[in-house]
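Counting from 1, position 56 in the sequence shown corresponds to residue 57 in our numbering; the numbering is continuous, with no gaps. Glycine included, each C-beta is placed from N, C-alpha and C at the ideal position. What follows is one structure encoded as structure tokens, with my remarks underneath.
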Amino acid sequence: MKSILMGTLFVILALSCNSEASMDAKKYNNKSSLEKESAPTGESVSYAVAIHGGAGYQTKESISNETDLAVRKALNAALDAAENILSKNGVAGDAVIAAIEILENDPNFNAGKGAVFTNEERNELDASYMDGAKMDAGAVGGVTNIKNPIKAARAVMEESPHVLLTGKGAEEFAKSQMLEIVDPSYFKVQSRLDAVRKAKARKEVKKHGTVGCVARDKNGNIAAGTSTGGMTNKRWNRIGDSPIIGAGTYANNNTCGVSSTGHGEFFIRYAVAHDISALMDYKGMSLEEASNHVINEKLKKAGGEGGVICVDKDGNISTPHNTPGMYRGYVTDKSRGVAIYGDEELQKVEH
Ligand code: ASP
């Protein structure tokens, strides 16, 4: 009864704001169709991959046909790359890097090549990577010339005694690891520059996507990675959740792997990625329960917009988001699908 009253009150409040807001409120209640189409518990999958290209205000009205098609193509290419590795007994970490590299090289996503601009009209990139078998992790923050920051994040884990390197030091380290260094102008995409100039004129800081991948390989090892350009018009070397282990990325072979996208400050404060794993660990929640609780209850109540993609130790997949849309996809040895909009039926293709 109490919850019905609360719900009614919420609807009245939402309607009294404006019709657009009430539409958003309705859309926010959508659960991702991917959850329903993930491998059901009990059905054993030998490998599983989930990817995202950012949560946000993707609606059929706001996205051109051209972008819609280009995004689906890129998501499928990233899934192909990951699947190609896992189906041949490759390791989860390699699948994560391969999928994210494809999304980083695509200007449609806010990571690598398509990174958004800061207030100073620069591109500052963040990325992180975690290995759920070793409970080891690496990350870079605020880098400006590393072509694929996700590779630098993994190298920090594998080749340095540290977890998080930032700025010039991270760039020097990447160079010492023979990673590809580019002129910062490589990241300049005109539409992103136009967007920051508009945001500056309106004095707003906007979030704009991120990319991520979580994979579970045939041996049950889980890895997760996240890469982003952060928020349009960010300043003062702002760093978001994406390179923060436990907020933007987490992986633990005993529970799950998670990659986040959304308003980073909230994801840091609520330690979102770790919280999902902890709820499974300490409370015995399923992946779907834990991820929905954090995204659609805790974060939503706090006003934190965004979503996550997660894969658990049994290969179950969950992709809740409290935004109107999220670029997302999954593949297992049984099926695959990609989706953009909140209420979209997943285009599931059986293998
Ligand atoms: N989480 C990213 C950040 O706050 C942005 C996003 O995913 O939209 O930097």
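Minimum C-alpha distance to residue i - residue among the options
{"i": "K201", "options": "S177, F268, V117 and N255", "result": "V117"}
{"i": "D110", "options": "N323, L165, R193 and R337", "result": "The residue asked about is misnamed: residue 110 is Phe in this sequence, not Asp. Nearest C-alpha to F110: R193."}
{"i": "G230", "options": "V212, G94 and T324", "result": "V212"}
{"i": "N124", "options": "N222, M131, E67 and A112", "result": "A112"}
{"i": "G305", "options": "D344, N77, G265 and N293", "result": "G265"}
{"i": "T256", "options": "A274, P244, S278 and A248", "result": "S278"}
{"i": "P185", "options": "N149, C214, S161 and P162", "result": "N149"}
{"i": "Y328", "options": "E289, A93, T250 and L104", "result": "L104"}
{"i": "E122", "options": "A175, D195, K74 and Y130", "result": "D195"}
{"i": "S228", "options": "C311, L126 and K284", "result": "L126"}
{"i": "K74", "options": "E62, P108, V92 and I98", "result": "P108"}
{"i": "G249", "options": "E102, I296, E84 and N85", "result": "I296"}
{"i": "S243", "options": "Y130, I147, E62 and H294", "result": "Y130"}
Cβ pair residue i, residue j closer than 8 angstroms
{"i": "T60", "j": "G326", "result": "yes"}
{"i": "A128", "j": "A154", "result": "yes"}
{"i": "T233", "j": "V190", "result": "no"}
{"i": "V164", "j": "I246", "result": "yes"}
{"i": "G57", "j": "V72", "result": "no"}
{"i": "V206", "j": "L166", "result": "no"}
{"i": "K314", "j": "N254", "result": "yes"}
Residue i versus residue j - alpha carbon distance
{"i": "A96", "j": "A138", "result": "16 angstroms"}
{"i": "A79", "j": "D276", "result": "27 angstroms"}
{"i": "G307", "j": "P321", "result": "9 angstroms"}
{"i": "G226", "j": "K204", "result": "31 angstroms"}
{"i": "T333", "j": "N90", "result": "13 angstroms"}
{"i": "N106", "j": "G210", "result": "15 angstroms"}
{"i": "S287", "j": "M281", "result": "6 angstroms"}
{"i": "A134", "j": "I223", "result": "7 angstroms"}
{"i": "K301", "j": "N323", "result": "7 angstroms"}
{"i": "D81", "j": "S177", "result": "30 angstroms"}
{"i": "E38", "j": "G241", "result": "At E38, the pLDDT of 41 sits below 50, so the modelled position is not reliable; the number obtained from the coordinates is stated separately. For E38 and G241, the distance between alpha carbons rounds to 31 angstroms."}
{"i": "L87", "j": "K199", "result": "43 angstroms"}
{"i": "S336", "j": "L70", "result": "20 angstroms"}
{"i": "F188", "j": "G115", "result": "6 angstroms"}
{"i": "L76", "j": "E173", "result": "31 angstroms"}
{"i": "N30", "j": "A274", "result": "Any reading at N30 is ruled out, since the residue's pLDDT is 35, under 50, leaving its predicted position unreliable."}
{"i": "M24", "j": "E67", "result": "With a pLDDT of 31 at M24, under the threshold of 50, the modelled position of this residue cannot be trusted, and the question is left open."}
{"i": "G366", "j": "Y251", "result": "What the structure shows of the chain is the stretch from 2 to 352, and residue 366 is not part of that stretch, so it cannot be assessed."}
{"i": "S34", "j": "S45", "result": "Bear in mind that the predicted position of S34 carries a pLDDT of just 45, short of 50, making it too unreliable to give a figure here."}
{"i": "E290", "j": "I310", "result": "13 angstroms"}
{"i": "D132", "j": "I64", "result": "35 angstroms"}
{"i": "S292", "j": "V312", "result": "10 angstroms"}
{"i": "I318", "j": "E84", "result": "15 angstroms"}
{"i": "G168", "j": "C214", "result": "24 angstroms"}
{"i": "I151", "j": "S161", "result": "15 angstroms"}
{"i": "I13", "j": "E102", "result": "Legend: pLDDT at I13 = 34, less than 50; position of this residue unreliable, value from coordinates given subsequently. Roughly 45 angstroms between the two C-alpha positions."}
{"i": "I147", "j": "I98", "result": "15 angstroms"}
{"i": "H294", "j": "G316", "result": "19 angstroms"}
{"i": "E345", "j": "A171", "result": "40 angstroms"}
{"i": "M136", "j": "T119", "result": "32 angstroms"}
{"i": "V92", "j": "A303", "result": "37 angstroms"}
{"i": "P62", "j": "Y283", "result": "Checking the sequence, you will find Glu at residue 62 rather than Pro. Answer to the nearest angstrom: the Cα atoms are 42 angstroms apart."}
Within-8 angstroms CB hit, residue i to chain B
{"i": "V141", "result": "In the structure shown, chain B cannot be found, because there is only a single protein chain."}
Count the CB pairs spanning the segment 157-164 and the segment 266-275 that are closer than 8 angstroms, and state whether there are at least three.
-> Not touching, per the Cβ criterion.
Would you check if the segment 176-187 and the segment 256-263 touch, i.e. whether three or more CB-CB distances between them fall below 8 angstroms?
-> These segments do not touch.
Are three or more beta carbon pairs between the segment 44-59 and the segment 211-218 nearer than 8 angstroms?
-> With three or more CB-CB distances shorter than 8 angstroms, the segment 44-59 counts as touching the segment 211-218.
Does the segment 236-246 come close enough to the segment 336-344 to have 3 or more Cβ pairs within less than 8 angstroms?
-> Contact between the segment 236-246 and the segment 336-344 is absent, because fewer than three Cβ pairs lie under 8 angstroms.
Completely contained beta strand (DSSP E) runs for the segment 121-190, where each covers 3 or more residues | 126-132, 137-144 and 165-167, all fully within the segment 121-190.
What residue ranges within the segment 221-303 form continuous beta strand (DSSP E) runs of no fewer than 3 residues, ordered along the chain?
-> 223-229, 250-252 and 257-263, all fully within the segment 221-303.
Tell me the start and end of each unbroken alpha helix (DSSP H) in the segment 43-121 that is at least 4 residues and wholly inside, in chain order.
-> Taken in chain order, the whole alpha helix (DSSP H) runs of length 4 or more contained in the segment 43-121 are 66-87 and 93-105.
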